[in-house]
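*Asks:*
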Amino acid sequence: MRFTYLIAAACLAATPAIAQDGDVGKALYGQYCASCHGDDGTGAGPMAEYLNVKPADLTGLAAANDGEFPMLKAIHIIDGRTGVRAHGGPMPVFGDVFMEQGGHGAPYYTDVLATRGRVLSLATYLESLQK
């Protein structure tokens, strides 16, 4: 039995982590963010003109933070930990969206890990958009 666990652990260790793949963040951005923030992150997506709150220019986050990309703040905004979300907010709560995609109804550990991976992938992609 222990041998089986060792083989499984070795296979997992040899598999690259999906959250570290830059294409994952780019794909998630294209699917969930580009319609409002634009393909280039400047806030000029095709839906921007229909929104009451103008989408943020995501390319200047580091410049507005003394040249340092605010990774933790970006993660919290994406997953919905900031703002008064009970009364609505200008942006969807993607932590909830990604958790619901797990399909378990109640939060399973694997759903939590997948959600955190997606949020991190998005934030890492946003970091790559900085001017």
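If you read the sequence shown in our numbering, its first letter stands for residue 940, the second for the next number, and so on. Note that beta-carbon positions come from the ideal geometry of N, C-alpha and C, so glycine has one too.
Cβ of LEU933 within 8 Å of Cβ of PHE1008?
*Replies:* Outside the modelled stretch of the chain, which goes from 940 to 1070, sits residue 933, for which no answer is possible.
*Asks:* Taking the CB atoms as reference points, tell me whether ALA1002 and LYS1070 lie closer together than 8 Å.
*Replies:* The residue you call residue 1002 lines up with position 63 of the sequence shown. The residue you call residue 1070 lines up with position 131 of the sequence shown. The answer is yes: Cβ separation under 8 Å.
*Asks:* What three-state label does DSSP hand VAL1032 in the structure shown?
*Replies:* Taking the first residue of the sequence shown as 1, we reach residue 1032 at position 93. Coil at VAL1032, not helix or strand.
*Asks:* Using only the alpha-carbon positions, how far apart do GLY1091 and ASP979 sit?
*Replies:* Absent from the structure is residue 1091, since the part of the chain shown begins at 940 and ends at 1070.
*Asks:* Please report the straight-line C-alpha distance between GLN970 and TYR1048, rounded to a whole angstrom.
*Replies:* Counting from 1 along the sequence shown, the entry for residue 970 is found at position 31. Counting from 1 along the sequence shown, the entry for residue 1048 is found at position 109. So the alpha carbons of these two residues sit roughly 24 Å apart.
*Asks:* If you count every other CB in all the chains shown that lies within 10 Å of the CB of TYR944, and 16 or more means buried, which is it?
*Replies:* Against the sequence shown, residue 944 aligns to sequence position 5. Here TYR944 scores only 42 on pLDDT, less than 50, and its place in the model is too uncertain to base an answer on.
*Asks:* How many whole angstroms separate the CB atoms of ILE1017 and VAL1058, which I take to be in contact at a CB cut-off of 8 Å?
*Replies:* Reading the sequence shown from its first residue, position 78 is the one you call residue 1017. Reading the sequence shown from its first residue, position 119 is the one you call residue 1058. Their Cβ separation, rounded to whole angstroms, is 5 Å, which keeps ILE1017 and VAL1058 in contact under 8 Å.
*Asks:* Does the Cβ-Cβ distance between LEU1061 and LEU990 come in under 8 Å?
*Replies:* Stepping through the sequence shown from its first residue, residue 1061 is reached at position 122. Stepping through the sequence shown from its first residue, residue 990 is reached at position 51. No. Outside cutoff.
*Asks:* For ASP979, which of helix, strand or coil comes out of DSSP?
*Replies:* Residue mapping note: residue 979 aligns to position 40 of the sequence shown, counting from 1. Reduced to three states, the DSSP call for ASP979 is coil.
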